[in-house]
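K.L.:
Structure below; questions to follow.
6 protein chains.
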Amino acid sequence: MQNVVVQDIARAAPEVIAKLGAAGVASVHEAQGRTGLMASRMRPIQQDKAIAGSAVTISAPPGDNWMIHVAIEQLREGDVLVLAPTAPCDMGYFGDLLATSAMARGCRALVIDAGVRDTKDLRQMDFLVWSSAVSAQGTVKETLGSVNVPIICAGAAVHPGDVIVADDDGVCIVPRESAGSVLAAAEKRLAGEEEKRQRLAAGELGLDIYDMRGRLAEKGLRYV
Amino acid sequence: MQNVVVQDIARAAPEVIAKLGAAGVASVHEAQGRTGLMASRMRPIQQDKAIAGSAVTISAPPGDNWMIHVAIEQLREGDVLVLAPTAPCDMGYFGDLLATSAMARGCRALVIDAGVRDTKDLRQMDFLVWSSAVSAQGTVKETLGSVNVPIICAGAAVHPGDVIVADDDGVCIVPRESAGSVLAAAEKRLAGEEEKRQRLAAGELGLDIYDMRGRLAEKGLRYV
Amino acid sequence: MQNVVVQDIARAAPEVIAKLGAAGVASVHEAQGRTGLMASRMRPIQQDKAIAGSAVTISAPPGDNWMIHVAIEQLREGDVLVLAPTAPCDMGYFGDLLATSAMARGCRALVIDAGVRDTKDLRQMDFLVWSSAVSAQGTVKETLGSVNVPIICAGAAVHPGDVIVADDDGVCIVPRESAGSVLAAAEKRLAGEEEKRQRLAAGELGLDIYDMRGRLAEKGLRYV
Amino acid sequence: MQNVVVQDIARAAPEVIAKLGAAGVASVHEAQGRTGLMASRMRPIQQDKAIAGSAVTISAPPGDNWMIHVAIEQLREGDVLVLAPTAPCDMGYFGDLLATSAMARGCRALVIDAGVRDTKDLRQMDFLVWSSAVSAQGTVKETLGSVNVPIICAGAAVHPGDVIVADDDGVCIVPRESAGSVLAAAEKRLAGEEEKRQRLAAGELGLDIYDMRGRLAEKGLRYV
Amino acid sequence: MQNVVVQDIARAAPEVIAKLGAAGVASVHEAQGRTGLMASRMRPIQQDKAIAGSAVTISAPPGDNWMIHVAIEQLREGDVLVLAPTAPCDMGYFGDLLATSAMARGCRALVIDAGVRDTKDLRQMDFLVWSSAVSAQGTVKETLGSVNVPIICAGAAVHPGDVIVADDDGVCIVPRESAGSVLAAAEKRLAGEEEKRQRLAAGELGLDIYDMRGRLAEKGLRYV
Amino acid sequence: MQNVVVQDIARAAPEVIAKLGAAGVASVHEAQGRTGLMASRMRPIQQDKAIAGSAVTISAPPGDNWMIHVAIEQLREGDVLVLAPTAPCDMGYFGDLLATSAMARGCRALVIDAGVRDTKDLRQMDFLVWSSAVSAQGTVKETLGSVNVPIICAGAAVHPGDVIVADDDGVCIVPRESAGSVLAAAEKRLAGEEEKRQRLAAGELGLDIYDMRGRLAEKGLRYV
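Chains as they are written, first to last, in my numbering: chain A, 19 to 242; chain B, 19 to 242; chain C, 19 to 242; chain D, 19 to 242; chain E, 19 to 242; chain F, 19 to 242.
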C-alpha cells in the first residue's frame, strides 16, 4: 500500500484523548504494559508542555516533505502529525509556514523522527514538536510517500487514528481501539500513586510499602 | 599554510551582516541555494537568541586552546569566533574568562565544533555559543594552529571574514563576497513567505497555493 | 563484593561540600588536576542549577531499578544518589515517586548514566538530575546489584562518600579524602581568576597577561 | 498480548524461501517496494554469507535472554531467530551454547538488535548472525517476554513466519503472505539487471540505457 | 555553482598518483602537514587493499543517486568517484551495476560519505569502496546535484582532480597542485622510518632514538 | 599521582595468564561475576585471534602519544599496553613503528580507547589491537601523562599488572590478585559447559536441562 492517502480514518473519543494527555506519557506507557513508546532520541523543542491527539501518519522519503502538504488537508481539530522517514534523516522537514497551515486546521503538534526548523517561531506559536533533530536544512518535493497508512516511527508502530501522548518524557502511542481501557488503567495507576506519594513524602520507605525486604534477602542481598 | 595568523581580513558591511542575522538561518540557507549549513550537532547553549557576525577562524589541535588567545587579539567589533579542531574533540576549550576577553574586543559569540564550559556564566554574560558539546574538561596550550585561515567546521567551509548567521536552528555561513546578493534573495524570500503565511493562516492549503495537485496525481498518488 | 549494601560510609564535612558546590565543576575539576569528570553525555534536566553532596552509589543491572529502593534507606541529609548500570541503558530508572522518597530523606539530586522520567515533575519539585537520557520506559525489580560500593559512572570512578559536584557543565567527583585540599586549590584558583577577569574585561590580552608571545614565536607562529 | 508463546505459526514454502535468499537483500528490498529493511546498524559477524528462513520472533527485556530458551523449542528446520529487546541494549544475549541448541533444531541464523558473544565459535560452527553489537556481557533470566508475536526489530516490523533474508548488505523482512509475489518481482528484476550489466560492462552509459539525458536537461543540469 | 557538470578537469601525473598510493594514507597525511584526512567513519568494505586515483567529485541530495550516472560519463582511467551527500544519509547509493559501469570506464574505487550495497559482489569484482555505511536501501533519481565541483566529504575538502589515497587506515586527499611535493615529503619520511624501524626492532628505544629523556624530565615526569 | 612512571609492578603468573587467555573473554567475564568488561566499542582490528597478558597502563592526553614511548621501556615479555585518553579521541596514537618497538620488548598487543593506524601492517606483524577507532590522524608529543597508574579504559578499571584477556568478543580485565581464583572459576564453568554443549547438540532443550518450565509458568508465561 504505497503512494496512497487514506482519507477516512477513525479517531478515539476527544474526552478519552484529553484524559490520556493529562495522565502523561509515563503513566500511559505503564498502563498499556510498557508498549508503544518511541525511542528516546525523540525530544521536545519546548519544555514543560504536554499534548494528546489523533495521529495523522506520514511515510516520507528522506529529505522530501511533499507528503506533509498532502497530510495537512487530512487534518481535523485535535490531530497530531506523525512523520517517519523511510531512512534516517536529520533534515528540516517542517517550519513555521507548515505549522501555520496545520494550526489553521486544528492541529497543534508534530512528532517527527527527523529534523524541524524555525524552532523559535514554533515555540512562540505554541505549536508543539517532538523530533530527533533540529536543522535548517531544507527538503525537496519530488517523491511520493503515503498518508494515513501504518508506519513505524522511532521504533514504535503507529496506525492512523491512534492516540499520540507526548510530554517532556517522550512520545507514546495508544492504539485507538484500546484507548478507553488504557485510560482506565492509567487512572487507576495514578490514583494508587497518589497514596504512595503521600506515604513516601512522610518518610516511609518503598522497601516497606512494597514489602521488598523478604525477597531481597531471599535473593541474597547482604547488608555489611 | 600552517601555524600562521592572518591579521588583515576583509569583512562584509555591518548593515548587511545585521540584516542577514534578522533574516535567520533557515531563510539565509535557502537564499543561497541550501549551502553553507553546519551539521545539526551544532546546538546553542542558550534559547531564542540569534546573531550574525564576521568569522575570525581558528584551526586548533584537539584539546589545545592556545590559538584562541591568539585569535582574540584579531577580533574587531561584531566578529564571531569560529573554531574547528583538527580531530573530533568534546573538551571545554572556552569559558567565562575567554568570553570576557572576547567581549572586551567587541565579539559576542563563539561557534565551536567541540566543547565549552562555564555555560551558566556565558548565558548570564549574554555571550552566545553554538557548540557540539558542553564539558568542563580543560585544554592545554602546547601546540600551534592557525588563525584566519580557511577551515572546515562541522562540515561547512568557513573563510575568515565570511558572515556567520546563527540562531536556534543552527549555524550557516555566507561567503563574504556574496553577502549582499544572499541578503537580497533572503529578503525577497521572506516577503514571499509573509503573503503565504497569511493565506495559510486563513485556511488555504499548500496543495492549492503551490498548485501541487496535478503533479501529485501525475506521479501516481491515490486517494482511498 | 557483589549484592551488598554498605551501611556505614564516611562523608566529607558539610561546609567543605557546600564550598565545593559553590566553586563549580570547572574550577573543582581544574583544582584536582583535571581528574574525576564524568563523560559529557551526562546532562542536566534543569538549567542554571548547581549542587554538591555526598555520593550514595548504586550498581544496578540494565533496566532494573530495584537497588534504588535499597539505596534510599541509606540516604542522609545532603546525599546525592549516583547510579551506574552494568551495561549501557537508556531506560527511565527514576521518577517522581522515587524523588519524593529521596527528598524525604534529605537527598536533593540524582546522577545517573541512564534515563529518568517525570522530568517536568522533578523540575517542579526542585529535585536535580544529571542523566545520559530521558525516557518514560519503566524498569523491573528482579536482579540484585549493590549499594555503596565503588562504581564507575560515565567513565569516572566514584567511591561512596565521595563529593559529587554538578552544574550546567557536567558532573565531577572529588574523592572524600582530598575534599579539603581540592577546595583549597579551587578557591585559590578562583581568586586568581577574578583578578584576571578584571584585566581581561579592561581589554588586556591573555597573550600579555600569560606572557605567551615569546613561546608562540619560538614554536614558529608566523603573523602574515 | 504479553508473556505468550504462540506455538503454531505458518511459514512460507521452503523453495520460495530458498529463492528469496538467492536473490539477496538488495533485490528483495527493491522488489517489495523498498519496505521491510532493518536499520543499517544490523551487521553480520561473518563475511560473504547469505541466508533466508522463517522468523521465530522474540520480544525480550533488555539484558534478559530467558525467552531465547523458550523460543528454541519452537524452532523448526529452516527457521531464523529474530530478537528485539524492548529497549536499546548491547549485551551479549547469545553464544555458542544457544547456537548449538538452535542448530540441533534446524536453525542456522540469528538476527538480533542487541549483542552476541562467542563470535569466533559461531563463525566456526557456521551459525550466521546479524547483530547491532558484539559483547561478552552476560544476561539474566528473570523477566518474561513473548515468542512468536509481532515485533519491531531495528525499525522493521516482523511477524512470526515472515521470511528473513540476510546477507552482507543487511536484513530484509518479506511478509509471509507476499513471499511468492515478492519472489516473482525479485526474479524479474534480476533478469533485467543481467541484461543491463552486460551493456554497462561493454561501456554503454546508464545515461543512455535509462534515457536520462532529456530529463536532466529539463531539470536544468548544465555542462560547463 | 549548482547543478553543473564540469567536464574538463586537470589530473595529477599517473606515476605520482601511483607512488602516493604506495606510500599509504598515514605517510601521505603526515607528509602534507596532517591535513586532508576524512573522518574515521569512512571505512573500507574490503581488507588489506589500497588505492590512489584522481577524484571525480559528486555532490548529491540525500537518498538520490542520479548524479552518479552523470559522473560516470566523466570518468577516465584511474579515477576515483567521491560522493558527499548534502545532508547525512546512510542509504545505499551504489551497487554492482554502477560499479560495472564505472569499471568499464577505468574507475576502480568509490569514496562515499553514505551507504553502498551489493558489498559481496563489489569485493568479488575487486571494486574498492570506502563508505560510512552499508545499506540495501535504494535511492531515487529526482533531484540534481553537481559533478566535478569542490565538495566537503566526511570533513575533508575535495576538489575535482585531487589525488585520493585510501587504504585500511582511511582516506586522505592530496591537492592536485601539491601532489609532487607531498610525494617527495612522503618518500623522505618513509626512508627515515625504515632506518628507525630497524633500530627499534633491534631493541633501541624511541626515548633514546628521538632523544626524549631530557625534555620529559624538564616537563616534570617522575619515575617512581 | 600525575605525570609519574611506576617502574616496578607486580604481574600474575605466566601460566595463569595463558590459561585465562585460553578460557576467553566471555568465560572469564562470567567467572568473575560479570565485572571488568570494557565497553563494546572496543573492537579488534584482526579476526579470530585471542591474547592474555599483563597490563602496562598509560594515561595520555587526547591527541598526544608521548607516553607510549615512555611506556615501552617498562614492557616485559608478555605485557599488553593499555591506553586510556583523558577525553574521548579517535586519533591514531599507534602504528607500525611503535609496534615494532613494543614487540622487540616482548609485547604483542595493544588495547586503546582511541585510534590506531598502519592496521594492515599490524595485522601482518601479528601485533594484536583492540581499539575504539582506526585513524591515520597523527598525534603530538607535548603533554605528560602517566605510566603504570590505575586508569579507567572504556569504562573498566585497570591497574598495572592486571591480566588483560581479549578476543573477538572484546576485552576483559582480571585483577592481578584474583587471577588464580578467576581462572579456577572459569575452568570449572568451561567444564560444565562442555557437558551441556553435548546434551544441547543431541537435541535436549535448555528449558529442560536448566529446569526452567516451572518457573516460567509461575511467572505467568502462557502457551497459545
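Beta carbons: idealized from backbone N, C-alpha and C, even for Gly.
Using 8 Å as the limit for Cβ to Cβ distance, is C:Q20 near chain F?
P.N.:
Cβ-Cβ to chain F under 8 Å: yes for C:Q20.
K.L.:
Cβ of C:T161 within 8 Å of Cβ of D:E160?
P.N.:
yes
K.L.:
What are the start and end residues of each continuous beta strand (DSSP E) run of 3 or more residues lying completely inside the stretch 164 to 212 of chain D, in chain order?
P.N.:
169 to 171, 174 to 176, 181 to 185, 188 to 192
K.L.:
Taking just the CA atoms, how far does E:V192 sit from E:T118?
P.N.:
27 Å
K.L.:
For B:N166 and B:P103, I'd like the C-alpha separation in whole angstroms.
P.N.:
A straight-line Cα-Cα distance of about 14 Å links B:N166 and B:P103.
K.L.:
Label C:E48 either buried or exposed according to how many other C-beta atoms from any shown protein chain fall within 10 Å of its C-beta, with 16 as the threshold for buried.
P.N.:
buried
K.L.:
Should A:A132 and A:L101 be called a contact, given that it needs their Cβ atoms to be closer than 8 Å?
P.N.:
The answer is yes: Cβ separation under 8 Å.
K.L.:
I need the straight-line Cα distance from E:M60 to F:A151, nearest angstrom please.
P.N.:
C-alpha separation (whole angstroms): 11 Å.
K.L.:
Roughly how many angstroms separate the alpha carbons of D:P178 and C:I27, rounded to a whole number?
P.N.:
52 Å
K.L.:
With 16 as the cutoff for other CB atoms within 10 Å, does D:Q50 come out buried or exposed?
P.N.:
buried
K.L.:
Within 8 Å, do at least three Cβ pairs link the stretch 170 to 187 of chain E to the stretch 86 to 101 of chain E?
P.N.:
Cβ pair count under 8 Å is three or more, so yes.
K.L.:
Which residues in the same chain as A:T137 place their Cβ atom closer than 8 Å to its Cβ, once the five residues preceding and following it in sequence are excluded?
P.N.:
I63, V147, V152
K.L.:
Just the Cα atoms here: how many angstroms apart are F:L55 and F:A44?
P.N.:
9 Å
K.L.:
Under the assumption that E:N83 contacts D:G238 (Cβ atoms under 8 Å), give the Cβ distance between them as a whole number of angstroms.
P.N.:
At roughly 18 Å, the Cβ-Cβ gap does not stay under 8 Å, so E:N83 and D:G238 are not in contact.
K.L.:
Name the residue from F:G39, F:A57, F:M230, F:K67 whose alpha carbon lies nearest to the alpha carbon of D:V158.
P.N.:
F:M230
K.L.:
Does A:T137 get closer than 8 Å to chain E when you measure Cβ to Cβ?
P.N.:
no
K.L.:
Could you tell me which of D:A204, D:S77, D:I182, D:A154 sits nearest to F:D186, measuring between CA atoms?
P.N.:
Answer by Cα proximity: D:A154.
K.L.:
For chain E, find out if any of its Cβ atoms is closer than 8 Å to the Cβ of D:G110; answer yes or no.
P.N.:
Cβ-Cβ to chain E under 8 Å: no for D:G110.
K.L.:
Output, in sequence order along the chain, the residues in the stretch 186 to 215 of chain E whose CB is closer than 9 Å to any CB in chain D.
P.N.:
From the stretch 186 to 215 of chain E, no residue has a Cβ closer than 9 Å to chain D.
K.L.:
Give me, in chain order, the residues of the same chain whose beta-carbon lies closer than 7 Å to that of A:D139; leave out the 5 immediate sequence neighbours on both sides.
P.N.:
The residues are D114.
K.L.:
Are there 16 or more other CB atoms within 10 angstroms of the CB of F:Q25, so buried, or fewer, so exposed?
P.N.:
exposed
K.L.:
Around the C-beta of D:D180, are 16 or more other C-beta atoms found within 10 angstroms, so that it is buried, or is it exposed?
P.N.:
buried
K.L.:
Using three-state DSSP, classify D:G96 as helix, strand or coil.
P.N.:
coil
K.L.:
Is it right to say F:G210 is buried, meaning 16 or more other beta carbons lie within 10 angstroms of its own, or is it exposed?
P.N.:
exposed
K.L.:
To the nearest angstrom, how far is it from the Cα of C:I35 to the Cα of D:G81?
P.N.:
Those two C-alpha atoms are separated by around 37 Å.
K.L.:
Would C:R126 and C:I69 be called neighbours here (beta carbons separated by less than 8 Å)?
P.N.:
Result yes, Cβ atoms of C:R126 and C:I69 sit closer than 8 Å.
K.L.:
Just grab the DSSP bridge partners of F:I69 for me.
P.N.:
F:A184
K.L.:
According to DSSP, simplified to helix, strand and coil, what is A:V242?
P.N.:
Coil.
K.L.:
Following the continuous beta strand (DSSP E) through E:L55, name the residue where it begins and the one where it ends.
P.N.:
Per DSSP, E:L55 belongs to no beta strand (DSSP E) and is neither H nor E.
K.L.:
Is C:V147 helix, strand or coil when you go by DSSP?
P.N.:
strand
K.L.:
For D:S305, which three-state DSSP category applies?
P.N.:
In the structure as shown, chain D starts at 19 and stops at 242, and residue 305 of chain D therefore has no counterpart that could be examined.
K.L.:
E:A233 touches chain B at which residues, Cβ-Cβ below 7 Å?
P.N.:
Sequence check: residue 233 of chain E is Arg here, not Ala. Chain B residues near E:R233: none, gap ~12 Å exceeds 7 Å.
K.L.:
Short of 6 Å in beta carbon distance, which residues of its chain neighbour A:K67, apart from the five on each side in sequence? Order them along the chain.
P.N.:
Sequence-distant Cβ neighbours of A:K67 in its own chain, meaning closer than 6 Å and more than five residues away, are L146.
K.L.:
If the cut is a Cβ gap below 7 Å, which residues of chain E does D:A184 touch?
P.N.:
Near D:A184 there are no residues of chain E at all, since even the closest Cβ is about 10 Å away, more than 7 Å.
K.L.:
Could one say the Cβ of E:A151 lies closer than 8 Å to chain D's Cβ atoms, at least one of them?
P.N.:
yes
K.L.:
In chain order, which continuous runs of the beta strand (DSSP E) of length 3 or greater are located wholly inside the stretch 80 to 124 of chain C?
P.N.:
Those beta strand (DSSP E) runs which fall completely within the stretch 80 to 124 of chain C and span 3+ residues are 97 to 103.
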